[in-house]
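Note sheet for the following structure.
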Amino acid sequence: METQIKKLDYEAVDMDIIEEAGRVLKEGGLVAFPTETVYGLGGDALNPASSEKIYAAKGRPSDNPLIVHIAAKDDVYRIAKEIPKKAERLMETFWPGPLTLIFSKTDLVPLKTTGGLSTVAVRMPSDKIAQELIRAAGGFVAAPSANASGRPSTTTAAHVAEDLNGRIEMILDGGQAVIGLESTIVDVSEEKPVILRPGAITKAMMEAVIGPLEVDQAVLQADSGIKPKAPGMKYRHYAPRAELTIVEGETERVIAEVNRLTSQAELTGKRVGIIATDETAKRYEKGLVRSLGARSCEEEISRHLFEVLRSFDETDVDYIYSESFETAAIGQAIMNRLLKAAGYRVIEVGK
Ligand code: TXA
Ligand code: MG
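Each residue of the sequence shown is one higher than the one before, counting from 11 in my numbering.
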């Protein structure tokens with residue numbers, strides 16, 4: 011199949027293209043589209059055949075449920091039952107936006123879309139193109155991140171094409187995703203709300219609205235027998251082809267250790283990539299250095315993380331060493347993705 015790539019302008023969204031993309035979805039086809047977090051691979055959420063196509067296009071195990079995207083808040087009541095008060099407060103405060111909530115589902119949602127679960131993940135994106143597409147498609151669009159299973163999520167249309175060209179009908183190109191990391195996921199289907207995946211809507215932001223929240227143990231730890239509640243979190247994720255290791259500790263020590271490791275590897279004929287920041291990039295003496303942006307601006311770091319991870323796959327590096335990012339707000343989300351990409355390989359050099 012030939013994948014059509016259509017460029018859209020946020021200032022003047024071409025509604026003919028949106029209508030055409032909406033038709034593709036209604037007829038059971040797949041359309042990748044921009045959201046404020048990452049690109050999504052959309053299919054009609056109420057059509058089990060579409061969900062099957064999504065799993066096949068990504069090469070994703072079909073027990074890994076999809077997020078259903080809506081464009082009108084009230085549509086949540088058609089697919090979710092028992093919406094707790096706290097969830098309503100979160101929806102009022104953070105929708106539309108990068109927050110996904112998990113509810114018990116109604117019969118309208120096919121089990122194929124929820125990977126066989128009786129719960130459904132729902133998100134209302136703030137991205138204008140995403141909203142128009144969801145409306146044009148009939149209101150309910152299932153969309154995982156638009157990457158081949160296991161690879162970093164996509165933040166540009168070119169990255170989507172890299173992974174999915176020839177496997178889907180259409181890609182809507184809305185430029186670079188602003189946040190760059192996937193939505194925060196909170197399970198509100200049980201008594202105590204639990205964060206299953208950290209994102210740009212942070213624990214503190216939500217606690218200011220509904221009080222204490224728990225964090226699923228699997229969020230910042232290696233598997234070690236802990237069964238994550240979001241099925242997707244158990245799969246190897248975001249992994250670049252080279253072996254990635256995070257070097258953690260006081261900045262000067264990190265730089266010295268990365269320089270030492272790089273020299274050592276190069277002596278044995280290996281090539282090294284380094285994930286740095288604007289503040290430190292020039293301090294690395296060897297290796298292929300890529301900066302995520304200014305460490306002082308965590309939005310910049312999160313926006314570029316997947317792009318930089320992906321970019322190393324076009325090089326011949328054998329090892330990648332990355333700085334660590336325990337920043338105040340989005341830091342937990344950045345570390346969660348980086349740790350997964352590194353298979354939890356961390357070297358501590360002391361604070
Ligand atoms: O920002 C985002 O959330 C992006 C954009 C496209 O909206 N979507 C996204 O989808 O990241 P995906 O499929 O790559 O990640 C969804 C995660 C998976 O880890 C999945 O296991 C989990 O959400 N999930 C989905 N439905 C669930 C459910 N009913 N219960 C528990 N976890 C669920
Ligand atoms: Mg994903």
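The C-beta atom is built at its ideal place from N, Cα and C for all residues, glycine as well.
What is the C-beta distance between Ala153 and Ile77, in whole angstroms, given that I count them as a contact (C-beta under 8 Å)? Here residue 153 is taken as the residue at index 143 of the sequence shown, counted from 1. Here residue 77 is taken as the residue at index 67 of the sequence shown, counted from 1. Contact holds; Cβ gap of about 6 Å.
Same chain, Cβ closer than 7 Å to Gly259, neighbours up to 5 away in sequence not counted: Along the sequence shown, one-based indexing puts residue 259 at 249. Result list for Gly259: Glu358, Val359, Gly360, Lys361, in chain order.
Can you look up Gln363 in the DSSP assignment and give me helix, strand or coil? Only positions 11 to 361 of the chain appear in the structure, and residue 363 is not among them; the question remains open.
Going by the C-beta, is Pro154 closer than 8 Å to any heavy atom of the ligand MG? Taking the sequence shown and counting its residues from 1, the one referred to as residue 154 is at position 144. Because some heavy atom of the ligand MG lies under 8 Å away, the Cβ of Pro154 counts as near it: yes.
8 Å contact criterion, which Val204 and Asp197 should meet: CB distance rounded: As a first step, residue 204 is located in the sequence shown; it is residue number 194 there, counting from the start. As a first step, residue 197 is located in the sequence shown; it is residue number 187 there, counting from the start. Contact flag correct, Cβ pair sits at about 5 Å.
Consult DSSP for Arg300 and reduce its assignment to one of helix, strand or coil. Translated into positions along the sequence shown, residue 300 becomes position 290. DSSP places Arg300 within a strand segment (E or B) once states are collapsed to three.
Answer yes or no: do Leu40 and Arg145 have a C-beta to C-beta separation smaller than 9 Å? As a working mapping, residue 40 is identified with position 30 in the sequence shown. As a working mapping, residue 145 is identified with position 135 in the sequence shown. By the CB criterion at 9 Å, Leu40 and Arg145 fall outside the cutoff.
Taking C-beta to C-beta, are Leu302 and Val282 nearer than 9 Å? Counted from its first residue, the sequence shown places residue 302 at position 292. Counted from its first residue, the sequence shown places residue 282 at position 272. No. Outside cutoff.
Pop quiz: Ala131 and Pro75 are said to be a contact at Cβ under 8 Å. What is the actual Cβ separation, rounded to whole angstroms? Stepping through the sequence shown from its first residue, residue 131 is reached at position 121. Stepping through the sequence shown from its first residue, residue 75 is reached at position 65. Rounded to the nearest angstrom, the Cβ distance from Ala131 to Pro75 is 6 Å, consistent with a contact under 8 Å.
Residue burial classification, Lys17 (beta-carbon count within 10 angstroms, cutoff 16): For the purposes of this step, residue 17 is identified with residue 7 of the sequence shown, where counting begins at 1. Residue burial is scored here from C-beta neighbours: Lys17 has fewer than 16 other C-beta atoms within 10 angstroms and is therefore classed as exposed.
Rounded C-beta distance between Ile220 and Gly184? I'm assuming under 8 Å. By one-based count along the sequence shown, residue 220 stands at place 210. By one-based count along the sequence shown, residue 184 stands at place 174. With a Cβ gap of about 32 Å, Ile220 and Gly184 do not count as contacting.
Closest to Val268 by C-alpha separation, out of Thr47, Lys83, Ile284, would be which residue? Taking the sequence shown and counting its residues from 1, the one referred to as residue 268 is at position 258. Closest by alpha carbon: Ile284.
At least 3 beta-carbon pairs within less than 8 Å: the region 106-114 vs the region 64-72: Short answer: they don't touch.
Check whether Ile256 and Arg355 have beta carbons under 9 Å apart: Reading the sequence shown from its first residue, position 246 is the one you call residue 256. Reading the sequence shown from its first residue, position 345 is the one you call residue 355. Between Ile256 and Arg355, the C-beta gap is smaller than 9 Å, which places the two residues in contact.
Buried or exposed: where does Met134 fall if 16 or more other Cβ atoms within 10 Å of its Cβ makes it buried? For the purposes of this step, residue 134 is identified with residue 124 of the sequence shown, where counting begins at 1. With 16 or more other Cβ atoms within 10 Å, it is buried.
Phe322 (DSSP reduced to helix, strand or coil): Reading the sequence shown from its first residue, position 312 is the one you call residue 322. Phe322: helix per DSSP, three-state reduction.
Under 8 Å: does the beta carbon of Asn157 sit that close to some heavy atom of the ligand MG? Position 147 of the sequence shown, counted from the first residue, corresponds to residue 157. Yes, the Cβ of Asn157 comes within 8 Å of a heavy atom of the ligand MG.
Does the beta-carbon of Ser163, which I'm using as the reference point, lie nearer than 8 Å to any heavy atom of the ligand MG? Taking the first residue of the sequence shown as position 1, residue 163 is located at position 153. Because some heavy atom of the ligand MG lies under 8 Å away, the Cβ of Ser163 counts as near it: yes.
Simplified DSSP state of Met2, which is helix, strand or coil: In the structure as shown, the chain begins at 11 and stops at 361. Residue 2 is therefore absent and cannot be evaluated.
By Cβ distance, which residues of its chain are closer than 8 Å to Met11, with the 5 residues on each side in sequence left out? By 1-based counting over the sequence shown, the position of residue 11 is 1. The residues are Gly176, Arg177, Ile178, Glu179.
Could you name the residues that DSSP lists as bridge partners for Glu258? Residue mapping note: residue 258 aligns to position 248 of the sequence shown, counting from 1. Bridge partners of Glu258: Glu358.
Should the region 122-130 be called in touch with the region 28-36, which here means at least 3 C-beta pairs below 8 Å? They do not touch, by the three-pair rule.
Can Val229 and Asn346 be called in contact, C-beta distance under 9 Å? Numbered from its first residue, the sequence shown carries residue 229 at position 219. Numbered from its first residue, the sequence shown carries residue 346 at position 336. For Val229 and Asn346, yes; Cβs fall inside 9 Å.
For Ser273 and chain C, any beta-carbon pair shorter than 9 Å? In summary, chain C is missing from the structure at hand, where a single protein chain is found.
By DSSP's criteria, Ala351 is part of a beta bridge. Which residues make up the other side? Taking the sequence shown and counting its residues from 1, one reaches residue 351 at position 341. Paired residue(s): none; Ala351 is not in a bridge.
Might you give, ordered along the chain, the residues of its own chain that have their beta carbon closer than 7 Å to the beta carbon of Trp105, omitting 5 neighbours on each side? On the sequence shown, residue 105 is found 95 positions in, with the first residue counted as 1. Cβ-Cβ distances below 7 Å link Trp105 to Lys83, Met134 in the same chain, with the five nearest sequence neighbours on each side left out; the list follows chain order.
What's the gap between the Cα of Ser334 and the Cα of Ala352? Here residue 334 corresponds to residue number 324 of the sequence shown, with the count starting at 1. Here residue 352 corresponds to residue number 342 of the sequence shown, with the count starting at 1. Here the alpha carbon of Ser334 sits roughly 11 Å from the alpha carbon of Ala352.
Buried or exposed for Glu142, going by 16 or more other Cβ atoms inside 10 Å? Mapped onto the sequence shown, residue 142 falls at position 132. Classification for Glu142: buried.
Residues in the same chain with beta-carbon distance under 7 Å from Phe322, minus the five sequence neighbours each way, listed in chain order, please. Taking the first residue of the sequence shown as position 1, residue 322 is located at position 312. Once the five neighbours on either side are set aside, the close Cβ partners of Phe322 are Pro250, Ala252, Gly283, Ile330.
Of the residues Leu271, Gly190, Gly149, Leu348, which one's Cα is nearest the Cα of Ser155? Within the sequence shown, numbered from 1, the residue matching residue 155 stands at position 145. Relative to the Cα of Ser155, the nearest Cα in the group Leu271, Gly190, Gly149, Leu348 belongs to Gly190.
Got a sec, what are the start and stop residues for the beta strand (DSSP E) Ala42 sits in? Here residue 42 corresponds to residue number 32 of the sequence shown, with the count starting at 1. Boundaries of the beta strand (DSSP E) around Ala42: 41-43.
Is the beta carbon of Thr272 sitting closer than 9 Å to the one on Lys296? Locating residue 272 in the sequence shown gives position 262, counting from the first residue. Locating residue 296 in the sequence shown gives position 286, counting from the first residue. With respect to Lys296, Thr272 sits close: the two C-beta atoms are nearer than 9 Å.
Ignoring anything shorter than 4 residues or poking outside the region 147-187, list the alpha helix (DSSP H) runs there in chain order. Here the runs fully enclosed are 167-174.
So Arg270 and Glu289 are in contact, right, with Cβ under 8 Å, and what is the actual spacing, rounded? Taking the first residue of the sequence shown as 1, we reach residue 270 at position 260. Taking the first residue of the sequence shown as 1, we reach residue 289 at position 279. Contact doesn't hold; Cβ gap of about 20 Å is too wide.
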